[in-house]
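Residue numbers 0 to 77, in numbering that gives the first Met the number 0, belong to the letters of the sequence shown in order. Input: a single structure, listed below in C-alpha cells.
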Amino acid sequence: MKKIILAAASLALMSGAALASSNNGVVMKFSPASRVITLDNGHSFTVPRDVGLPNIQIGEKVSIGLNDEGDKVTSVLR
0 MKKIILAAAS LALMSGAALA SSNNGVVMKF SPASRVITLD NGHSFTVPRD
50 VGLPNIQIGE KVSIGLNDEG DKVTSVLR
C-alpha cells in the first residue's frame, strides 16, 4: 500500500511541474521602468521585481516562463 501511495505522490509532483509553460517570441516593445515586455505575437507580460531581468533589446528573441496558472512571469531568458 505504501508503494502505491508513493508512486501516486511522485506522479502528482511530476505532473504539476509539467503544467508550467513558457511563451517564446521576439521583443517588439520593452519598458524597463514598468518591466513590461510585449512580444511579436501581441502578448504583453509584466515581470515582477523578484524575477531577474536580463538586458533586453527590441528585436531580440526571448522565452518568458510562466507559473502553473499562466498568470505570473517566473523567468525571462534570452
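The beta-carbon is built from N, C-alpha and C at its ideal position, and this holds for glycine as well. Nothing here was measured: the structure is a model prediction, and the numbers come from that model.
Counted as a single uninterrupted DSSP element, the beta strand (DSSP E) harbouring L38 occupies residues 35 to 38. Where N23 is concerned, the enclosing beta strand (DSSP E) starts and stops at 20 to 30.
Rounded to the nearest whole angstrom, the CA to CA distance from S62 to V72 is 10 Å. Comparing C-alpha distances from R34 to each of G69, T45, V26, Q56 shows the shortest one belongs to T45. The bridge partners DSSP lists for T45 are V35.
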